[in-house]
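So the mapping is simple: our numbering equals the position in the sequence shown, first residue as 1, plus 6.
Heads up, the beta-carbon is just placed ideally off N, CA and C, and yes, glycines get one too.
Fair warning: this is a prediction, and the values are worked out from it, not measured in the lab.
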Amino acid sequence: KPLVVNPGAQGRSCANVGQDCTDSGCCTSPGYKCYAKNQWWASCKQSCSPGIDHSEPKKYQTPWSCKELGERTPGESKKCSAKGEACQHTKCCEDPGMTCFEKSSDWASCKPACEPGLDMTDSDAEPWSCKALGPTTPSAASWVQDHCAAKGADCSKVQCCQTPGHQCYLKGEYWGQCRDKCTPGEKMFAWDEPWNCSALGARTPASTTAVKMPVQPWVVDRCAKSWGECTHSNCCLGVGQSCFKKNENWATCRMDCNSTEGAIEENQTWSCDRLSAPSEGLALIGYPSLYCVSVMRIEGYEPDLLKAQMKVGGGIFGCDGFDVVADGVISLGKLADGTEVKTKDIPPIKVGVSQDGTAANTLLFMKVWDQIIKKQRFRNYDWTLKVDPDAVLHP
Numbered sequence: 007k008p009l010v011v012n013p014g015a016q017g018r019s020c021a022n023v024g025q026d027c028t029d030s031g032c033c034t035s036p037g038y039k040c041y042a043k044n045q046w047w048a049s050c051k052q053s054c055s056p057g058i059d060h061s062e063p064k065k066y067q068t069p070w071s072c073k074e075l076g077e078r079t080p081g082e083s084k085k086c087s088a089k090g091e092a093c094q095h096t097k098c099c100e101d102p103g104m105t106c107f108e109k110s111s112d113w114a115s116c117k118p119a120c121e122p123g124l125d126m127t128d129s130d131a132e133p134w135s136c137k138a139l140g141p142t143t144p145s146a147a148s149w150v151q152d153h154c155a156a157k158g159a160d161c162s163k164v165q166c167c168q169t170p171g172h173q174c175y176l177k178g179e180y181w182g183q184c185r186d187k188c189t190p191g192e193k194m195f196a197w198d199e200p201w202n203c204s205a206l207g208a209r210t211p212a213s214t215t216a217v218k219m220p221v222q223p224w225v226v227d228r229c230a231k232s233w234g235e236c237t238h239s240n241c242c243l244g245v246g247q248s249c250f251k252k253n254e255n256w257a258t259c260r261m262d263c264n265s266t267e268g269a270i271e272e273n274q275t276w277s278c279d280r281l282s283a284p285s286e287g288l289a290l291i292g293y294p295s296l297y298c299v300s301v302m303r304i305e306g307y308e309p310d311l312l313k314a315q316m317k318v319g320g321g322i323f324g325c326d327g328f329d330v331v332a333d334g335v336i337s338l339g340k341l342a343d344g345t346e347v348k349t350k351d352i353p354p355i356k357v358g359v360s361q362d363g364t365a366a367n368t369l370l371f372m373k374v375w376d377q378i379i380k381k382q383r384f385r386n387y388d389w390t391l392k393v394d395p396d397a398v399l400h401p
């Protein structure tokens, strides 16, 4: 950006954010003012709290004097974008740890991280370039947890707080405490000393929890299965799997790929270029994703139990994926989206009586697991649960 001249700077070129403004005493960005840290450094900020800046690396953690070196640049300061909002125009994010990443020429958004290619949580199957359009919003430096005051402890000496979003406020002359807010004169108890509420140091940047969003339905039809060809889809269903390239005409979904000297002979023919980020699997409802299986007899009370669960979306039907294995094929009805649920049968297995008087069904369940492993569907989920029809499951 071209430098502008602040009328109060007596003709000197003003500083951009991040540059030293000791000599100029002015800033190019609207709404910013030049604040001194010490006699050797000053920087353009929207505001400044005397003391340690928690977002600075430990080697730079000397206190700020916050002496004002000039006038605030006229105009309103740029409002940064919130998580998930468009940021192609602001090019900055309001939440700590977030960066404005470009998806295309028409869209950019604030995210904690970005890997080029498809984002399985997106509403559409369009790739991200992941070009960073601005700096990452600072979060609390690693030294804060070791150096600053814990919740409830006196912070008047260190003048900083471990808890994200908290500020050290002075209660009396010799005691301060980390709080999210403080009203001068307030008392915790009637007999208590009123709070002074003078702020000591800077507020610790709030933390941003990286909440995983569910995978979108388009993933089911587009992305490739384990060891499936993924040259054109550039995405995989298997949890943790990536699309690895063999050559210009072939790529498959696998956990890893090693084409270096000493690798198995087959891998030495692969380029092993990774064409997609590791898959989140089919977490269509939430994380961790669940694949739930029930085994039932088509005669008796068990079909009615499962039909009742399916009607309310409970039991295994509240999982990200499910299957019902039975000694025959019957329909359990339709889901809310109209999908018919049919049981998957296994070869007839004779079930006897054990010496303890219980069902001798070990071989039966071995055959069930054989079928599950053969279908490989379990690889698309974080956990596989086997749930009896009469068991209560609350996913």
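Residue i classed as buried or exposed, judged by whether at least 16 other C-beta atoms fall within 10 angstroms
| i | result |
| --- | --- |
| S277 | exposed |
| V225 | buried |
| H400 | exposed |
| V359 | exposed |
| K252 | buried |
| T345 | exposed |
| W201 | buried |
| H172 | buried |
| Y175 | buried |
| P288 | The question names Pro, yet the displayed sequence has Leu at residue 288. So L288 counts as buried. |
| V335 | exposed |
| Q247 | buried |
| P102 | buried |
| E179 | exposed |
| N386 | buried |
| D341 | A quick correction: the sequence has Leu, not Asp, at residue 341. Exposed, by the Cβ-count rule. |
Rounded straight-line distance, which links the Cα of residue j to that of residue i
| i | j | result |
| --- | --- | --- |
| V23 | P56 | 19 Å |
| K392 | A366 | 18 Å |
| D394 | M302 | 8 Å |
| P353 | D333 | 7 Å |
| R228 | D130 | 11 Å |
| K193 | D152 | 30 Å |
| R185 | K157 | 8 Å |
| D26 | D388 | 50 Å |
| W256 | V221 | 26 Å |
| L75 | D29 | 9 Å |
| M126 | Q165 | 43 Å |
| C32 | C20 | 5 Å |
| L139 | Q94 | 7 Å |
| F250 | C120 | 19 Å |
| A42 | D160 | 28 Å |
| W113 | C40 | 33 Å |
Nearest neighbour of residue i, chosen from the options [CA to CA]
| i | options | result |
| --- | --- | --- |
| E91 | A212, Y307, S115 and L75 | S115 |
| F323 | I304, I336, S337 and S300 | S300 |
| T143 | T368, T189 and H60 | H60 |
| K65 | C33, C136 and A147 | A147 |
| I58 | E82, A155 and D279 | A155 |
| Y38 | L341, W47, T79 and S19 | T79 |
| K51 | V330, T34 and S282 | T34 |
| N44 | S145, A397, Q67 and T258 | Q67 |
| V357 | L369, P36 and K350 | L369 |
| E82 | C120, L124, P36 and D125 | P36 |
| P141 | T237, A159, C203 and C106 | C106 |
| Y293 | G319, L312, K317 and V245 | V245 |
Anticipated Cβ contact below 8 Å, residue i with residue j, distance rounded
| i | j | result |
| --- | --- | --- |
| C98 | K84 | 7 Å |
| D326 | L296 | 5 Å |
| E132 | S111 | About 12 Å; that fails the 8 Å criterion. |
| P122 | S135 | 6 Å |
| S285 | C236 | 10 Å between Cβ atoms; not a contact. |
| V331 | T349 | 7 Å |
| Q168 | K177 | The Cβ separation is near 18 Å, so there is no contact. |
Residues that residue i bridges to, as DSSP identifies them
| i | result |
| --- | --- |
| N253 | W256 |
| M302 | A332 |
| Y41 | S49 and E74 |
| F107 | S115 and A138 |
| S337 | K348 |
| C99 | S87 |
Any non-hydrogen atom of the ligand GDP closer than 7 Å to residue i Cβ
| i | result |
| --- | --- |
| Q168 | Looking at this structure, you won't find the ligand GDP or any other ligand, since it has none at all. |
Beta carbon proximity, residue i to chain B, threshold 8 Å
| i | result |
| --- | --- |
| I291 | No chain B is present in this structure, which holds just one protein chain. |
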